[in-house]
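Below is one structure, written out as structure tokens; comments come after it.
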Amino acid sequence: MKKTAVYPGTFDPITNGHTDLIERASRLFDKVIVAVAANPGKQPMFSQDERVYLATQVLSHLDNVKVSGFGTLLVDYVREQKASVILRGLRAVSDFEYEFQLAGMNRRLAPDVETIFMTPAEQYAYISSSLVKEIAVLGGQVDEFVHTEVMAALSDRIS
Ligand code: COA
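Numbering (our numbering), first residue to last: 461 to 619.
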């Protein structure tokens, strides 16, 4: 059976940690859909369209990965895409509590959809989009953490 996984997140902006995880997932699943949440509650630096655009550029080398935006309940989106798996990254123990709650709630809403966790390579365990933005805003180097396209978008937005 063909397996499609949905990897949801805010991706404000996509980091090398996300990319590492998506590359790993693209080797395990037939198709991976990177689902960029509208998430207005997080007051993103980039609009949803900009986040989709950046992720599409960064992931263009992966043939079985598609990027798209969504603004609905995650499980509805997963079903609409005919997927059966929600993929989430676990970087550290501190991620666990929130992820456990999210996975439990999603299972309650859609028992047929399974959440699978993957860990990024250790060098990405401490990256987060907020920290990358904070470093960039304060004039620090972020080239180790994000793709050049994202770096350019960050410096554009900050200036
Ligand atoms: N490498 C590096 N960083 C990573 C990472 C990885 N592999 N995986 C996650 N992160 C970071 C992100 O950069 C982000 O950092 P930030 O908080 O500093 O911006 C943080 O971890 C968590 O972000 P993310 O994984 O994108 O999750 P989120 O909390 O922003 O998004 C949704 C959560 C979108 C999945 C959730 O809100 C959702 O499902 N929304 C849809 C509506 C819905 O169905 N709600 C009911 C849910 S039960």
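All residues carry an ideal CB built from backbone N, CA and C; glycine is no exception.
- The continuous alpha helix (DSSP H) containing residue 593 extends over residues 589 to 597.
- Within 10 angstroms of the beta-carbon of residue 587 lie 16 or more other beta-carbons, which makes it buried.
- Within the DSSP bridge table, the entry for residue 574 names 545 as partners.
- Residue pairing from DSSP places residue 464 in a beta bridge opposite 491.
- Annotated as proximal: residue 527 and residue 494, with beta-carbon spacing under 9 Å.
- Taking 9 Å as the cut-off, the Cβ atoms of residue 497 and residue 578 do not count as close.
- The criterion of a C-beta distance shorter than 9 Å is not satisfied by residue 539 and residue 563.
- By the CB criterion at 9 Å, residue 525 and residue 573 fall outside the cutoff.
- For the pair residue 514 and residue 609, the CB atoms are nearer than the 9 Å cut-off.
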